[in-house]
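Read in order, the letters of the sequence shown correspond to residues 1 to 266 in this note's numbering. We put the CB at the ideal spot given by N, CA and C, even for glycine. Note that the coordinates shown come from a computational prediction; the quantities given were computed from them, not determined experimentally.
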Amino acid sequence: MTHNLNSPIGIYDSGVGGLTVLRRLRALLPGEDIIYFGDSANCPFGNRSRQELNAITQRILDFFGSRGAKLTVSACNTTSALFQLEGEPDCGFKVLSIIEPIAGHLARLGLEEVGVIATEFTVNSGMYEKLIQKASPGTKVWGQGSPSLARLVDTGRFGGDEIPTEVHRLTSELLSRRALSHIILACTHYPIVDGEFMMAAPEVTFLDPAASQAEATSQLLAEQGLLNPQAKGKLEVYTSGHPALFEEVAGRLGIEGIGRVEHLVL
């Protein structure tokens with residue numbers, strides 16, 4: 001398929017988490033038309049089998065292909081790890097991982113060690129450790145997985161005790177193994193509640209991979225001559241879950257112009 005600079009960018013995630021990537025992309029690339037799909041009906045991806053993940057991801061990529069996407073951003077650490085295990089899918093457009101850009105950023109920071117808090121699939125895949133050590137061979141990686149935090153965020157459990165309790169458990173268990181100065185929030189749902197992480201471990205710098213992924217997206221489009229020069233791009237948001245939650249989280253993140261979120265099951 002032939003793409004041009006007016007073709008949209010696709011962004012997908014297992015739910016509301018990828019809105020953290022959307023926020024960064026719209027700030028950096030305001031002229032791009034963006035189509036977002038949050039598959040909350042299947043959240044969390046990190047608890048799915050590889051076979052299920054492959055089927056889910058293929059349906060999502062087929063959707064973006066039908067919309068003529070020039071690039072798709074995997075705002076999902078779990079499927080980004082899957083691509084590293086099985087290879088990038090052949091879908092007619094580039095699918096940009098969220099893991100490699102933050103691994104490159106860490107190499108520039110020159111850290112001797114770093115923590116990673118993510119879904120259990122992402123941690124168990126070992127992809128953060130592999131790619132970080134590829135970019136920065138001397139960096140030691142400490143991982144801590146959660147089976148529940150992405151789901152708690154994706155069901156809007158804000159204001160209760162469940163999210164702070166799980167965040168405290170994750171940070172306490174990780175920091176009991178090693179006193180770390182930097183921890184990657186390696187699930188895009190987690191920066192939505194980054195305030196809870198900062199309260200649980202105020203001495204730690206928490207890194208959001210969305211910033212590095214947005215920069216990598218901008219660089220890739222520039223290299224391919226596909227940056228859209230228009231002043232303000234269009235935004236379409238779809239979810240297989242509850243649209244009202246996406247509108248609420250967009251408000252929490254300060255994302256403007258989200259409009260009406262449409263329900264869509266692929």
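For residue i, name the three-state secondary structure that DSSP assigns.
i    : result
I34  : strand
A118 : strand
V265 : coil
I258 : coil
D154 : helix
D194 : helix
D269 : No statement about residue 269 is possible, as the shown extent of the chain runs from 1 to 266 and does not include it.
Could you tell me which of the options sits nearest to residue i, measuring between CA atoms?
i    : options                   : result
V16  : L5, C43, E32 and I184     : C43
T72  : T79, A55, L53 and F93     : F93
T122 : Q144, L5 and L220         : Q144
G257 : G138, S7 and R23          : R23
L253 : L96, A75, V193 and G225   : V193
T119 : E196, D154 and A150       : A150
L25  : E262, V265 and P209       : P209
A27  : E196, L264, K232 and G115 : K232
Can you give me the C-alpha to C-alpha distance between residue i and residue j, rounded to a whole angstrom?
i    : j    : result
S146 : L185 : 11 angstroms
V204 : S66  : 43 angstroms
H182 : A107 : 13 angstroms
N228 : K234 : 11 angstroms
E112 : R260 : 45 angstroms
I98  : I132 : 12 angstroms
G46  : L220 : 27 angstroms
T79  : G126 : 13 angstroms
H52  : I117 : Note that residue 52 is Glu in the sequence shown, not His. Each residue's Cα considered, the two are about 23 angstroms apart.
E162 : L152 : 7 angstroms
C91  : S136 : 31 angstroms
I34  : G68  : 11 angstroms
M199 : Y190 : 14 angstroms
G87  : P30  : 30 angstroms
Q224 : I9   : 14 angstroms
Am I right that residue i and residue j are in contact with their C-beta atoms under 8 angstroms? What's the rounded C-beta distance?
i    : j    : result
E248 : G156 : 7 angstroms
Y36  : I11  : 5 angstroms
C76  : S14  : 6 angstroms
Count Cβ pairs between the stretch 90 to 103 and the stretch 209 to 222 that sit closer than 8 angstroms; are there 3 or more? yes
Looking at C-beta atoms only, is the number of pairs between the stretch 234 to 246 and the stretch 20 to 40 that lie closer than 8 angstroms three or more? yes
Three or more C-beta pairs under 8 angstroms: does that hold for the stretch 161 to 171 against the stretch 57 to 74? no
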